[in-house]
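Q: Submitted below is the structure of interest, expressed as structure tokens.
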Amino acid sequence: MATLDTAPRPVSPAAGATSATGRRGTRRRKRRGNGLVGWLFLAPFAVVFLLFLVGPLLYAFYLSLFTNGLATGEEFAGLANYSRAFTDPAFLSGVWFVVRFAVLVIPAQMLVALLAALVLDSLTTRFAKFSRLMIFVPYAIPAVIGAVLWGFLYSPNFGPLEQLFGESAPFLLSPDNLFYGLTNVVTWQWAGYYMIIIYAALQGIDPAIYEAARMDGAKAWQIATRIKIPMISSALVLILVFAVIGTLQFFTEPQVLLPISNGSITTDITPNVYAFNLAFRFAQFNYASAISFALGIVVFIGVYIFLFLTRKRGGFLK
Amino acid sequence: MSVLSSPVRADDAVHALREGRRARRPRRRRTGSHLFLAFLVLYFVLPLWFLIVASTKSPGGLFNSPNGALWFGEEFALFDNLSTLFTYNDGIYLRWLGNSLLYAFGGGIGATVLAVLAGYAFAKFDFPGRRISFALLLGAVMVPMTALVIPTFVMLSEVELTNTAWAVILPSMLSPFGVYLMRVYTADGVPDELLDAARMDGAGEFRTFFQVALPLMRPAIVTVLLLSVVGTWNNYFLPLAVLSDSELFPITVGINLWQGLAGANNGGGVSLYTLIVVGSLVSIIPLIAAFLGLQRYWQGGLSIGSLK
């Protein structure tokens, strides 16, 4: 039992080297293990996975194949709900909205996150450390609260914009400004989280590389664009994937800001808001399931293609 | 990722790395960089500052403050507001806070336990169906979770589980990304040699896991726990869909309920706007405190998924 007692003690560098070079040996040993034990460890997750991921997906698909009318009852309809969805202007405009929104908001939040992380990585002052935490803080605030807060700040009744601009104050949730108003809320909410991931990746780069580049006469911005950004490309790909998945299922902010937007946020503004209102306002669960399923499939295929195209940099699908 | 491949504590190694860097870096004042950071800090803190200031104002002062929305008014009503918040509607706010804690820790701890076990299985065992299971897992990371909410609601209503705490906790225990993080960390952070040595000394698989592997997985465990607790605490769509009794609401759905009522002037003599403001302030304190207190864990841990 001696090994057990000393296990958590740091192992000598020699042992670490063995683990790196002995890959092939490891694999052979692994295969000898009893297959059943692996499944025992995996089983609890597998059960939850089947019940709450595979189950709802299959069930959504099943539900989407039926229609439910008051007079007719539940009727098998084949793919009618899907052909309805893809000709439904409310659904299509929602998809178009989130796609346009993604094109604006994802570069915005990634640019803020990347610039902040690059600056923070180049500084070691106490103020930089403090800034890092402050920029990250919105991640710890629920999106509902974030949306409520920005709703207050945008409010013509007691927000600061009125006091700054007087009568001509812009209402950031008016139809013309809505896009920017929402972009601001989402960027504020997520840029800090992305910044922390990029920052952690930057901190993992061996500083000797910068030293070498500096000796070769590289300037700070060259080190940033030619060394730092390429070396953290897998972190950037990961963030981009998160951002795409998150933006296409945009729900919380428009749903929370809907009552105070004076009608510029409609109940079909994004596919998720539309599906929610179909299900819980109009009890159209079958059609709502078709929209959920269609959205899920579209996002899945889109992200899969993206990851496949960037697989050399991402390292996610290896 | 050499930092993760040896059993030496990952944050120690990162720390050592940073120390070395600081010594080598020329000390220069970077005014432009600091100005840029100051601007960012102002932007990210602005809504919080507004929240703190607004929490100290009386219901009337919230709308008509002599010093504007971003500075304190003449009176200091924070404690009055807090007592209104905790007594309004028989203390419904405290119930919501308790519900949020229950859901976040129930779902978060559950998700973490499942992720640790499954991540260990994927990293350290070669069982039949491993490759296909892992491919399924990676696919699941890309499934938008909100697409599951409506079918989950219909499914749960058929077994009469909607409008119970389980309806929020059980689906929150699903965290494919948590499993992925645990697998990536465990593959390098727990050396096979140690596990084999333990087995050779006669330890069973479960003893090997609990006494050898688990202690080494700690940094990743804290990260996954924090991420899943935050995810459940911040969740809005799922509880909004599966709960209808306001006694069961978590804080997010509760505050949103007040916001809807406030717009309709439906507070019954109490300014709901004040309650929303103070309620928001109180609700964000626990998570911010947790993040500040656990900094050294999550700052390194968040990079696990992206460093390869």
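Here the protein sequences line up with chains A and B, keeping their order. So that you can map any letter, position 8 of the first sequence is 8 in this note's numbering, and since no number is skipped, the others follow by simple counting. So that you can map any letter, position 181 of the second sequence is 1181 in this note's numbering, and since no number is skipped, the others follow by simple counting. Backbone N, C-alpha and C fix where the C-beta goes; we use that ideal spot for every residue, glycine too. All figures in this text were calculated on a predicted structure; none of them were measured in a lab.
(1) So with Cβ pairs under 9 Å, would you call residue 1160/B a contact of chain A?
(2) Would you please verify whether the beta carbon of residue 114/A is less than 9 Å from any beta carbon of chain B?
(3) Reducing DSSP to helix, strand and coil, say where residue 1105/B ends up.
(4) Please name the residue in 98/A, 96/A, 132/A and 125/A whose C-alpha comes closest to that of residue 113/A.
(5) Give me the Cα-Cα distance between residue 195/A and residue 231/A, rounded to the nearest whole angstrom.
(6) By the criterion of Cβ-Cβ separation under 8 Å, what are the contact partners of residue 59/A in chain C?
(7) Count the other CB atoms, across all protein chains shown, that sit within 10 Å of the CB of residue 1128/B; report buried if there are 16 or more and exposed otherwise.
(8) Kindly indicate the opening and closing residues of the alpha helix (DSSP H) around residue 1050/B.
(9) Could you round the C-beta distance between residue 1148/B and residue 53/A to whole angstroms and report it? I think they count as a contact, below 8 Å.
(10) Just to confirm, are residue 1124/B and residue 1048/B a CB contact at a threshold of 9 Å?
(11) Just to make sure I have the definition right: I need the residues of chain B whose C-beta is within less than 7 Å of the C-beta of residue 39/A. Which are they?
(12) Using a C-beta to C-beta distance shorter than 8 Å, which residues of chain A count as neighbours of residue 1233/B?
(13) Leaving out the 5 sequence neighbours to the left and right, which residues in its chain are closer than 6 Å to residue 190/A when beta-carbon positions are compared?
(14) Leaving out the 5 sequence neighbours to the left and right, which residues in its chain are closer than 6 Å to residue 1033/B when beta-carbon positions are compared?
(15) Please classify residue 25/A as buried or exposed, where buried requires at least 16 other C-beta atoms within 10 Å of its C-beta.
(16) For residue 93/A, which residues in chain B fall below 8 Å Cβ to Cβ?
(17) For residue 51/A and residue 1152/B, I'd like the C-alpha separation in whole angstroms.
(18) With a threshold of 9 Å between beta-carbons, can residue 1220/B be considered close to chain A, or not?
(19) Taking only beta carbons into account, state which residues of the stretch 1050-1072 of chain B come closer than 9 Å to chain A, listed in chain order.
(20) Evaluate residue 1066/B with the Cβ neighbour count: other Cβ atoms within 10 Å of its Cβ, from every protein chain shown; 16 or more gives buried, anything less gives exposed.
(21) Kindly identify the DSSP beta-bridge partner or partners of residue 76/A.
(22) Mind checking the stretch 1189-1208 of chain B against chain A and listing, in chain order, the residues whose C-beta falls within less than 7 Å of any C-beta there?
(23) Helix, strand or coil for residue 1065/B per DSSP?
(24) So is residue 262/A buried or exposed if we call it buried at 16+ other beta carbons inside 10 Å?
(25) Quick one: residues in its chain with C-beta nearer than 6 Å to the C-beta of residue 1109/B, no 5 flanking neighbours on either side, listed in chain order?
(26) Just list the beta strand (DSSP E) runs in the stretch 1087-1172 of chain B, keeping only unbroken ones of 3 residues or longer that don't cross its boundaries, in chain order.
(27) Identify the contact partners of residue 82/A in chain B, using a Cβ-Cβ distance below 8 Å as the criterion.
(28) Output needed in chain order: residues of the stretch 292-307 of chain A with a Cβ under 8 Å from some Cβ in chain B.
A: Quick look at the numbers:
(1) At a cut-off of 9 Å, the C-beta of residue 1160/B has no neighbouring C-beta in chain A.
(2) Cβ-Cβ to chain B under 9 Å: no for residue 114/A.
(3) In the structure shown, the three-state DSSP call for residue 1105/B is helix.
(4) Ranking the options by Cα distance to residue 113/A, first place goes to 132/A.
(5) For residue 195/A and residue 231/A, the distance between alpha carbons rounds to 15 Å.
(6) Of the chains in the structure shown, none is chain C; the protein chains are A and B.
(7) Here residue 1128/B is exposed: its Cβ has fewer than 16 other Cβ atoms, across all protein chains shown, within 10 Å.
(8) Start and end: 1031-1055.
(9) That pair is a contact at about 7 Å.
(10) Taking 9 Å as the Cβ cut-off, residue 1124/B and residue 1048/B do not qualify as a contacting pair.
(11) Proximity of chain B to residue 39/A at the Cβ level (cut-off 7 Å) is accounted for by 1127, in chain order.
(12) Those are 142, listed as they occur along chain A.
(13) Within the same chain, residue 190/A has close Cβ partners 109.
(14) Here the set comprises nothing.
(15) With a pLDDT of 42 at residue 25/A, under the threshold of 50, the predicted position of this residue should be treated as unreliable, and no value is reported.
(16) Within chain B, no residue comes near residue 93/A; the closest Cβ sits about 19 Å away, beyond 8 Å.
(17) Looking at the two C-alpha atoms, the distance is approximately 9 Å.
(18) For residue 1220/B, not one C-beta of chain A is nearer than 9 Å to its own C-beta.
(19) Residues passing the 9 Å Cβ filter: 1050, 1051, 1054, 1062, 1063, 1064, 1065, 1068, 1069 and 1070.
(20) Label assigned to residue 1066/B: exposed.
(21) Per DSSP, 66/A.
(22) If the cut-off is 7 Å between Cβ atoms, the stretch 1189-1208 of chain B has 1191, 1192, 1193, 1194, 1196, 1197, 1198, 1201, 1203 and 1205 near chain A.
(23) Shown here, residue 1065/B sits in coil according to DSSP, grouped into three states, outside any helix or strand.
(24) So residue 262/A ends up on the exposed side.
(25) If we look at residue 1109/B and ignore the five residues flanking it on each side, it has no Cβ neighbours.
(26) As summarised for the stretch 1087-1172 of chain B, there are no continuous beta strand (DSSP E) elements at least 3 residues long confined to that stretch.
(27) The contacting residues do not exist; residue 82/A stays about 14 Å from chain B at best.
(28) Of all residues in the stretch 292-307 of chain A, those with a C-beta nearer than 8 Å to a C-beta of chain B are 292, 293, 295, 296, 299, 300, 303, 304 and 307, reading in chain order.
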